[in-house]
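Novice: Pasting a structure below so you can have a look.
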Amino acid sequence: MRIYLLAFFLVINSSLLWAQEAPASDTVCMQKDLPQLIREARNKPPKVKEEGSGSLLLVPIIGSNPATGFMFGVGGQYAFKMKGSEQFSLISGSLQATTKNQYLFLLKNNVYSKNERFFYTGDWRFLIFSQPTYGLGTNSPEGGALDYQFTLAGQETTIDSLAQPMEFNFLRIHQTVGYKIKDKMYLGVGYNYDAYFKINDQRLSLEPGDTLLTSHYTYNKRYGFDTEKYYSSAILASFMIDKRDHMIQPYTGYFLSLGYRGAYRFTGNENNTEMIMLEWRSYHGVSKKNPSHLIAFWAMGTFTPEGGFPYMALPATAYDQRGRSARGYTQGRFRGKDYVYTEAEYRFPISPCSGVLGGVLFVNATTANNLTQDLGLFESIKPGYGLGLRVMVDKSSRTNLTLDYGFGERSSGFYLAVSETF
Numbered sequence: 002m003r004i005y006l007l008a009f010f011l012v013i014n015s016s017l018l019w020a021q022e023a024p025a026s027d028t029v030c031m032q033k034d035l036p037q038l039i040r041e042a043r044n045k046p047p048k049v050k051e052e053g054s055g056s057l058l059l060v061p062i063i064g065s066n067p068a069t070g071f072m073f074g075v076g077g078q079y080a081f082k083m084k085g086s087e088q089f090s091l092i093s094g095s096l097q098a099t100t101k102n103q104y105l106f107l108l109k110n111n112v113y114s115k116n117e118r119f120f121y122t123g124d125w126r127f128l129i130f131s132q133p134t135y136g137l138g139t140n141s142p143e144g145g146a147l148d149y150q151f152t153l154a155g156q157e158t159t160i161d162s163l164a165q166p167m168e169f170n171f172l173r174i175h176q177t178v179g180y181k182i183k184d185k186m187y188l189g190v191g192y193n194y195d196a197y198f199k200i201n202d203q204r205l206s207l208e209p210g211d212t213l214l215t216s217h218y219t220y221n222k223r224y225g226f227d228t229e230k231y232y233s234s235a236i237l238a239s240f241m242i243d244k245r246d247h248m249i250q251p252y253t254g255y256f257l258s259l260g261y262r263g264a265y266r267f268t269g270n271e272n273n274t275e276m277i278m279l280e281w282r283s284y285h286g287v288s289k290k291n292p293s294h295l296i297a298f299w300a301m302g303t304f305t306p307e308g309g310f311p312y313m314a315l316p317a318t319a320y321d322q323r324g325r326s327a328r329g330y331t332q333g334r335f336r337g338k339d340y341v342y343t344e345a346e347y348r349f350p351i352s353p354c355s356g357v358l359g360g361v362l363f364v365n366a367t368t369a370n371n372l373t374q375d376l377g378l379f380e381s382i383k384p385g386y387g388l389g390l391r392v393m394v395d396k397s398s399r400t401n402l403t404l405d406y407g408f409g410e411r412s413s414g415f416y417l418a419v420s421e422t423f
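Below, the structure written as structure tokens:
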């Protein structure tokens, strides 16, 4: 099994050498979207959009999972083009509430300025939240704090019994501006702020005779961080190449991002530390007749020094800008000082000509280390897989409504969102 998963990682990363363009489309079919089909069914003429006009989409958010309970809210996306820009820009956000008294406000921006001279990217969040953690490394909770301090009466434990629930407020302000140094190539600077406060580590007990130390507590105490509140304040330097034909739903091209985050004492941190971030996406057509028939690859890596960042600020599952990685696992399921994630997705049309319906099949793999257990990167790899349905809701911006179901190791999840996962 391990050999198979390592081979999967190599297949994903081999896409770095396979950035060829898809064959040109020779289809005679015309792309349609769901609103157009509805208007046709009502014998109404199609709406004509001005070229380059913006597209606003609002969708209800309804769902349920063990971490949040019943969730409801609204999500939105505004896609538009600035004058002189070939690429669409994107602003998206959501407001959500759950039956576990969680409240989430999310706002993302990926905006090309006039003539694409500047590229702005941001991730703004405020969460009144609760989320379990399981310890560091992708083999967690095996060998974790609860595992080696408590035998649970000598009985075999389950992953859920070793979950460490936490309540906290989370504020994130990440904003970067990139300056074009060459066509589709940008150098950027930015600021990253992550604050965790009002932390309630619910399984932690420091009472004599009834002591239970959690992974969050033991890690932060070991490296001198507060256990009730902390933050990371960092400056960012980045380099980006964006050769995708489209930001929202690419058919061809690739995207490369390299980032260096420096969290220093002069920016307000307890010590000097750093984080290196890498990301790659590529898109490869498999049909001459339909450009939406393709295979896409996604790879991310984040690397930090041991003890450089507090526990919750370490790289973790689904903490990418849009929170879309590792379908099949809950947010924060795996965490480590070094973290690598890869995914491959096969995208195919279902509608014979209109292109309104499509489908996806995906596989992913996650690995994170834990130096306390001498667990290295790639020594434990957790796979995920699943399938999904796509509904074209705005053909001018290539915006799909996405419905996915993902499976992980003793884990699963349903995902409803606007636009492709990557």
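Here the working numbering runs 1 ahead of the position in the sequence shown, where the first position is 1. Beta carbons: idealized from backbone N, C-alpha and C, even for Gly. Given the structure is predicted, the values throughout are model-derived calculations rather than measurements.
Which of the three DSSP states is assigned to residue 131 in this structure?
Specialist: DSSP places residue 131 in strand when its eight states are reduced to three.
Novice: Which stretch, first to last residue, makes up the beta strand (DSSP E) that contains residue 175?
Specialist: Residues 165-183.
Novice: Which partner residues of residue 297 appear in the DSSP bridge assignment?
Specialist: In the DSSP output, where bridge partners are listed per residue, residue 297 has 284, 346.
Novice: Rounded to whole angstroms, what is the Cα-Cα separation between residue 167 and residue 213?
Specialist: So the two alpha carbons sit approximately 14 Å from each other.
Novice: Hey, out of 163, 196, 87, 37, whose CA is closest to residue 314's CA?
Specialist: Of the candidates 163, 196, 87, 37, the one whose C-alpha sits nearest the C-alpha of residue 314 is 196.
Novice: If you draw a straight line from the alpha carbon of residue 358 to that of residue 407, how long is it in whole angstroms?
Specialist: Rounded to the nearest angstrom, the two C-alpha atoms are 19 Å apart.
Novice: For residue 100, does the count of other Cβ atoms within 10 angstroms reach 16, so buried, or fall short, so exposed?
Specialist: Residue 100 comes out exposed.
Novice: Where does residue 39 sit, in a helix, a strand or coil, going by DSSP?
Specialist: Three-state result, residue 39: helix.
Novice: Which partner residues does residue 407 have in the DSSP bridge list?
Specialist: DSSP, once it has assigned bridges, lists 387, 414 as partnering residue 407.
Novice: Please tell me whether residue 278 and residue 254 are closer than 8 Å, where the distance is taken between their beta carbons.
Specialist: No. Outside cutoff.
Novice: Could you tell me the boundaries of the alpha helix (DSSP H) in which residue 222 lies?
Specialist: Per DSSP, residue 222 belongs to the alpha helix (DSSP H) from 216-223.
Novice: Do residue 385 and residue 329 have their beta-carbon atoms positioned less than 8 Å apart in this structure?
Specialist: Against a cut-off of 8 Å, the Cβ pair of residue 385 and residue 329 comes out as a contact.
Novice: Please specify which runs of the beta strand (DSSP E), each continuous and at least 3 residues long, are wholly inside the region 203-273, giving them in chain order.
Specialist: Fully enclosed beta strand (DSSP E) runs of 3 or longer: 231-243, 254-264.
Novice: Just tell me which of 103, 203, 35, 302 has its CA closest to the CA of residue 340.
Specialist: Checked all of 103, 203, 35, 302; the closest Cα to residue 340 is 302.
Novice: Could you pull out every residue in the same chain whose Cβ sits closer than 6 Å to the Cβ of residue 280, ignoring the five residues on either side in sequence?
Specialist: Within the same chain, residue 280 has close Cβ partners 258, 301.
Novice: Spatial neighbours of residue 316 within its chain, please: C-beta separation below 6 Å, excluding the five flanking residues on both sides.
Specialist: Here the set comprises 303, 340.
Novice: Whole angstroms is fine: what's the gap from residue 288's alpha carbon to residue 231's?
Specialist: Answer to the nearest angstrom: the Cα atoms are 51 Å apart.
Novice: Any idea if residue 422 is buried or exposed, counting beta-carbon neighbours within 10 angstroms, 16 or more meaning buried?
Specialist: So residue 422 counts as buried.
Novice: Express the C-alpha separation of residue 126 and residue 175 in angstroms, rounding to a whole number.
Specialist: Whole-angstrom Cα-Cα distance: 9 Å.
Novice: What are the residues that DSSP puts in a beta bridge with residue 75?
Specialist: DSSP output for residue 75 lists 61, 96 as bridge partner(s).
Novice: Can you check which of these residues, 375, 140, 93, 124, is closest to residue 191 by C-alpha distance?
Specialist: Looking at the Cα atoms, 124 is the closest of the given residues.
Novice: How should residue 391 be labelled, buried or exposed, when 16 other C-beta atoms within 10 angstroms of its C-beta is the threshold for buried?
Specialist: Classification for residue 391: buried.
Novice: Assuming residue 92 and residue 116 are in contact, meaning their beta carbons sit under 8 Å apart, how far apart are those beta carbons, in whole angstroms?
Specialist: Not confirmed; about 19 Å, so no contact.
Novice: For residue 314, does the three-state DSSP call read helix, strand or coil?
Specialist: Residue 314 falls in the helix class under three-state DSSP.
Novice: From which residue to which residue does the beta strand (DSSP E) around residue 364 run?
Specialist: Note, residue 364: beta strand (DSSP E), 358-369.
Novice: Out of curiosity, what's the CA-to-CA distance linking residue 354 and residue 396?
Specialist: Taking the straight line joining both Cα atoms gives about 14 Å.
Novice: Over the uninterrupted beta strand (DSSP E) stretch that includes residue 104, give me the two end residues.
Specialist: Residue 104 -> beta strand (DSSP E) spans 104-113.
Novice: Have a look at residue 113 and residue 226 and give me their C-alpha separation to the nearest angstrom.
Specialist: Each residue's Cα considered, the two are about 38 Å apart.
Novice: When we look at the beta-carbon of residue 42 and count the other beta-carbons within 10 Å, is it buried (16 or more) or exposed?
Specialist: Under this definition residue 42 is an exposed residue.
Novice: Helix, strand or coil for residue 331 per DSSP?
Specialist: In the structure shown, residue 331 sits in coil (DSSP, three-state: anything other than H, G, I, E or B).
Novice: By Cβ distance, which residues of its chain are closer than 7 Å to residue 206, with the 5 residues on each side in sequence left out?
Specialist: These residues qualify, in order along the chain: 212, 213.
Novice: Run the CB neighbour count on residue 78, radius 10 Å, all protein chains shown included, and call it buried at 16 or more, exposed below.
Specialist: Residue 78 comes out buried.
Novice: Let's test the definition: count the other Cβ atoms within 10 Å of the Cβ of residue 223 and tell me whether it reaches 16, buried, or not, exposed.
Specialist: So residue 223 ends up on the exposed side.
Novice: Decide if residue 377 is buried, meaning its Cβ has at least 16 other Cβ atoms within 10 Å, or exposed.
Specialist: It is exposed - the Cβ of residue 377 has fewer than 16 other Cβ atoms within 10 Å.
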